[in-house]
Amino acid sequence: MATVEIVDIKKSFGAIEVLHGVNIDIKDEEFVVLVGPSGCGKSTLLRMIAGLEDISGGEIRIGGKVVNEVQPMHRDIAMVFQSYALYPHMTVFENMAFSLKLRKLPEDEIRAQVNRAAEVLNLNEYLERSPKQLSGGQRQRVAMGRALVRDPRVFLFDEPLSNLDAKLRVQMRTEIKALQQNLKTTTVYVTHDQIEAMTMADRIVVMHDGIIEQTGSPLELYDFPVNLFVADFIGSPSMNFIKGTLSRTEESASVICDDASVLPLKSSVGGSDGQKVVYGIRPEHLNYGQGDYSLDATVDVVEPTGSEIEVFGKLAGHDFCAVYRERHALKRGDSIKLNINPENVHLFDADSGVRL
Amino acid sequence: MTPRAKRSILYWLLMSPLMIAILFPFGVMFVTAFRPREELWVYPPTWSFSEFRWLNFVEMWDKVNFGQALINSLYVSITSTLLALLIGIPAAYALSRFRFKGKGLYRQFLLVTQMMSPIVLVLGLFRLMVYFGLVNSPNSLVFTYAAFNLAFTIWMLQSYFSTIPRELEEAAKIDGASSFISLTKIFLPLAVPAMAVTAIFTFINSWNEFVLALTMLRSQESYTLTVMVFAQVAGRYQVEWHHVMAATLLATVPVAILFSWLQRYMVRGMAIGAVK
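The listed protein sequences correspond, in order, to chains G and Z. Note that the first sequence covers residues 11 to 366 in this note's numbering. Note that the second sequence covers residues 973 to 1248 in this note's numbering.
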């Protein structure tokens, strides 16, 4: 158990800087997810915490102690790799016991600890097998087991679920979260999948091009994205964006689109009259039917998922996606009315992408 | 006859000229080695012999000092192989794992050294060995064989090493292993197939090498097998072919055993080297 402080961390490969001064304060027992598109620097940051990459600038502290120059073997962390990195020439037992053997623990204690970890992960039957005799899910468990036996101060996960099939991924997601809640070990988890981030994290760090776009709890990020990138990245299907011009008077505000449609806004919104803006609304907030602020839309594609239907079409000259739990009988070419509650609208500056 | 059997026969027929060409010298070697001396020059030549004469080997062994040559060959081949691996493994590891200036140049240099035939260098090497006082010592061959095989060794090992995921060593480091432990407990055990293949090649190259051995070795006691066999033929008034062939047969045995024992590693290792 330990805190992890990341202070103004920079990383360069040759002349190219991939991390431009990143700050994250990870509390003891916290589950933090680093999320972002590939190439955003999240894995590099994780590898720097692990000690596998040199630090070009800034400081990393684990448990209050600066570890910039500390070798991975002395950091007391455990890491689960995307490829699992199981030792192919060792059995499952030997894989899990490797770190304990290096610590020169007595034989019976090693056996007891490995068995306990195997118990937690349902690996008892497989202890004498070699990694290549295991399925993807089982290998993933062994990789976790190897991290678990050590009882480290910090767990690091590098996209551990991306090699699993969809169903197993959902299952392991829940298991990892439950495990972390039991063990209360500080965890840093890297993924490019925002659903994984949303479902597992106490706190999400959204990264993009080597900087942090926003840090916050999953629902904070969902409800109050600070910029267009976060608004677009978090949520599936992602938020609808409509470009327009802000029009405001003393007591009211609205966005005028290129095709002259008027989109409702609450009057308290920021921004000045005539400003170019992007109007954001989540798919589940495009209410079906007539309301206070109704807009005309046409339907192109309807995709039923069972629990809900996803409707794709044109609204104010832009593509939109709407999600309904009710099974509206819609088909291609239908003209429908959509109404918007101004409270649910996210407004961003068109140039900087910053929330208004 | 099934179409499958027909096809097999056709393939064997197509392959047979090649097989005959390859097997013919071995056939001659085998037959001659077991013949009594009187049957060596029968005309027309036959494949048969009146007596399976093991005594040829016994006579040959004493007469040509085969035991000493065998020991010399084994010593030279084994030590040069070990030396090549000892130097080749760290070099290949560095090439596959570390980034450093001049890496591409170094790899190219290794390749260039392979373009030169040892014969071109034989005079220079002889002068070098004179300088070191190693002429007529098997050690002169140990060093030259190791050096000549080093490029191949490094190249081969490096392409295999690159297929071993870096993450395994990283995982070991995080598990608490020092660089040395992660190398000896994780990396090297996984590299055994590559090391085996490389070792076989180096061993066989050294075992069969002739020109350098002929140049460096002056006296009978230091002859390796290839030079020893040559000495039974060259510059003699009367060549005892049945002894020459017995010696040749015995000299090929260790290589054949090694090949059949390690060939599964070799196929695997070569395939990996080929893909990279």
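All residues carry an ideal CB built from backbone N, CA and C; glycine is no exception. Everything numeric in this text was worked out from a predicted model, so none of it was measured.
Terminal residues of the beta strand (DSSP E) in which residue i lies
i	result
Gln-224 of chain G	221 to 226
Arg-71 of chain G	67 to 72
Lys-276 of chain G	Here Lys-276 of chain G belongs to no beta strand (DSSP E), and DSSP marks it neither H nor E.
Asn-297 of chain G	296 to 298
Ser-264 of chain G	263 to 267
Ile-19 of chain G	14 to 23
Strand pairing of residue i, partner residues [DSSP]
i	result
Lys-286 of chain G	G:Thr-255
Tyr-334 of chain G	G:Ile-319
Asn-349 of chain G	G:Asn-297, G:Ser-304
Thr-201 of chain G	G:Val-45
Ala-1119 of chain Z	Bridge partners of Ala-1119 of chain Z: none, in fact.
Glu-27 of chain G	G:Ser-22
Asp-314 of chain G	The identity of residue 314 of chain G in the sequence shown is Pro, whereas the question assumes Asp. The partner list for Pro-314 of chain G (beta bridge, DSSP) reads G:Ile-319.
Asp-359 of chain G	G:Val-287
Ile-214 of chain G	G:Val-43, G:Gly-226
His-328 of chain G	G:Leu-325
Val-164 of chain G	G:Ile-87, G:Thr-196
Asn-173 of chain G	BP columns for Asn-173 of chain G are empty, so no partner.
Ile-34 of chain G	G:Ile-16
Val-364 of chain G	G:Asn-237
Val-1216 of chain Z	Answer by DSSP bridge pairing: none, since Val-1216 of chain Z is not bridged.
Val-1030 of chain Z	DSSP lists no partner for Val-1030 of chain Z.
Val-309 of chain G	G:Gly-323
Asn-250 of chain G	G:Ile-291
Nearest-angstrom Cβ-Cβ length linking residue i and residue j, presumed shorter than 8 Å
i	j	result
Ala-1185 of chain Z	Leu-1113 of chain Z	6 Å
Tyr-1015 of chain Z	Pro-1110 of chain Z	Not confirmed; about 42 Å, so no contact.
Lys-37 of chain G	Pro-98 of chain G	Between Pro-98 of chain G and Lys-37 of chain G the Cβ distance is about 37 Å, and since that is not below 8 Å, they are no contact.
Leu-62 of chain G	Glu-1193 of chain Z	Not a contact, Cβ separation roughly 56 Å.
Ala-1064 of chain Z	Ile-1126 of chain Z	5 Å
Thr-196 of chain G	Glu-39 of chain G	6 Å
Gln-1086 of chain Z	Phe-1124 of chain Z	7 Å
Tyr-1195 of chain Z	Ala-1203 of chain Z	7 Å
Met-217 of chain G	Ser-1150 of chain Z	32 Å between Cβ atoms; not a contact.
Leu-1097 of chain Z	Thr-1116 of chain Z	6 Å
Ala-1118 of chain Z	Leu-1055 of chain Z	4 Å
Val-43 of chain G	Ile-214 of chain G	5 Å
Gly-147 of chain G	Leu-178 of chain G	5 Å
Leu-1106 of chain Z	Ile-1136 of chain Z	Wrong, their Cβ atoms sit about 37 Å apart, outside the cutoff.
Where the alpha helix (DSSP H) through residue i begins and ends
i	result
Ser-53 of chain G	52 to 60
Phe-1198 of chain Z	The residue you asked about is not Phe; residue 1198 of chain Z is Thr in the sequence shown. That run of the alpha helix (DSSP H) goes 1197 to 1205.
Met-1101 of chain Z	1090 to 1104
Arg-156 of chain G	146 to 158
Lys-1073 of chain Z	Lys-1073 of chain Z -> no alpha helix (DSSP H), and no H or E assigned at all.
Ala-1066 of chain Z	1038 to 1069
Phe-239 of chain G	238 to 243
Ala-1185 of chain Z	1183 to 1188
Distance cut-off 6 Å: residue i Cβ against heavy atoms of the ligand PLP
i	result
Lys-276 of chain G	In the structure shown, the ligand PLP is absent, as is every other ligand, since no ligand is present at all.
For the stretch 271 to 286 of chain G and the stretch 998 to 1012 of chain Z, state whether three or more C-beta atom pairs, one from each stretch, are separated by less than 8 Å.
Touching, no, given that fewer than three Cβ pairs across the two stretches are closer than 8 Å.
Touching or not, the stretch 312 to 320 of chain G and the stretch 328 to 337 of chain G, by the rule of three or more beta carbon pairs under 8 Å?
Yes, the stretch 312 to 320 of chain G touches the stretch 328 to 337 of chain G.
The stretch 1170 to 1178 of chain Z / the stretch 111 to 119 of chain G touching (three or more Cβ pairs under 8 Å):
Contact between the stretch 1170 to 1178 of chain Z and the stretch 111 to 119 of chain G is not established, with fewer than three Cβ pairs separated by less than 8 Å.
Is it a yes or a no for the stretch 304 to 316 of chain G touching the stretch 254 to 261 of chain G, going by three-plus beta-carbon pairs under 8 Å?
Result no; under three Cβ-Cβ pairs closer than 8 Å.
The stretch 139 to 154 of chain G / the stretch 62 to 72 of chain G touching (three or more Cβ pairs under 8 Å):
The stretch 139 to 154 of chain G vs the stretch 62 to 72 of chain G: no contact.
Alpha helix (DSSP H) runs contained entirely in the stretch 1114 to 1168 of chain Z, provided each spans 4 or more residues:
If we require 4 residues or more, the alpha helix (DSSP H) runs fully inside the stretch 1114 to 1168 of chain Z come out as 1138 to 1146.
Under 8 Å, with one C-beta from each stretch per pair, do the stretch 42 to 57 of chain G and the stretch 194 to 213 of chain G reach the 3-pair mark?
Touching, yes, given that three or more Cβ pairs across the two stretches are closer than 8 Å.
Within the stretch 71 to 134 of chain G, ranges of the beta strand (DSSP E) (whole runs, at least 3 residues):
Runs found: 87 to 90.
Contact the stretch 82 to 91 of chain G vs the stretch 1143 to 1151 of chain Z: 3+ CB pairs below 8 Å:
At 8 Å Cβ cutoff, the stretches touch.
Contact between the stretch 1023 to 1038 of chain Z and the stretch 1213 to 1224 of chain Z is defined here as three or more beta-carbon pairs at a separation below 8 Å; is this criterion met?
They touch, by the three-pair rule.
May I ask you to verify whether the stretch 26 to 36 of chain G touches the stretch 218 to 227 of chain G, counting CB pairs closer than 8 Å and requiring at least 3?
These segments touch.
Report yes or no: do the stretch 177 to 195 of chain G and the stretch 203 to 213 of chain G share at least 3 C-beta pairs separated by less than 8 Å?
Touching, per the Cβ criterion.
4-residue-minimum alpha helix (DSSP H) runs that sit fully inside the stretch 981 to 1026 of chain Z, ordered along the chain:
None, since the stretch 981 to 1026 of chain Z contains no complete alpha helix (DSSP H) of that length.
The stretch 149 to 156 of chain G in contact with the stretch 127 to 138 of chain G per 3-pair CB rule at 8 Å:
Segments in contact, yes.
Assess contact between the stretch 294 to 301 of chain G and the stretch 340 to 357 of chain G, defined as three or more Cβ pairs (one per stretch) separated by less than 8 Å. Is contact present?
Counting Cβ pairs under 8 Å, three or more are found: they touch.
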